[in-house]
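**Student:** Here's a structure for you.
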Amino acid sequence: MIIWCLHGCVRFWKGHIANNNIPLLNFLWEASRISGWVSWIAANALLHSIWVGCLLLCQLYQVVWLAMTTNERMNCSRYRHFKKDKKGVIRSPF
């Protein structure tokens, strides 16, 4: 959904800003002058994409390298099938 928001903002700006070869600060000023609401949506979507990207990396790390879901990692002491190795690292049997 965030990608669609950013895509829509870029398409809007391409249709309303005549010169695409302007410096970044001038482009941002022109974009906010044309439609502050679209600029707000783009800024909000950009900040959310950073947060969602961090969550994605964390989830991929847990599932791919640790072979655990978030729930299993938080409650691994309750599950008997998770074992600790000599270094104290919890290992998943899956």
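Take 1098 as the starting number for the sequence shown in the numbering used here and just add one per residue.
Note that CB positions come from ideal geometry on N, CA and C, so glycine has one too.
Model, not experiment: these values are computed from the prediction.
(1) Going by alpha carbons, who is nearest to Gln1159 out of Trp1126, Ser1189, Ala1140, Arg1177?
(2) To the nearest angstrom, how far is it from the Cα of Trp1134 to the Cα of Leu1153?
(3) Counting Cβ pairs closer than 8 angstroms, one from the region 1127-1141 and one from the region 1102-1116, do we hit at least three?
(4) Identify which residue in Ser1129, Gly1150, Ile1114, Asn1117 has its Cα closest to the Cα of Ile1099.
(5) Does the Cβ-Cβ distance between Trp1101 and Ala1128 come in under 8 angstroms?
**Tutor:** This is what the structure gives:
(1) Numbered from 1 along the sequence shown, position 62 holds the residue referred to as residue 1159. Put simply, of Trp1126, Ser1189, Ala1140, Arg1177 the residue whose alpha carbon is nearest the alpha carbon of Gln1159 is Ser1189.
(2) Residue 1134 sits at position 37 when you count from the first residue of the sequence shown. Residue 1153 sits at position 56 when you count from the first residue of the sequence shown. Distance between the alpha carbons of Trp1134 and Leu1153 is about 28 angstroms.
(3) Of all C-beta pairs linking the region 1127-1141 to the region 1102-1116, three or more are shorter than 8 angstroms, placing the two stretches in contact.
(4) Translated into the one-based positions of the sequence shown, residue 1099 becomes position 2. Between Ile1099 and the set Ser1129, Gly1150, Ile1114, Asn1117, the nearest pair of CA atoms involves Gly1150.
(5) Mapped onto the sequence shown, residue 1101 falls at position 4. Mapped onto the sequence shown, residue 1128 falls at position 31. Going by beta carbons, Trp1101 and Ala1128 fall outside the 8 angstroms limit.
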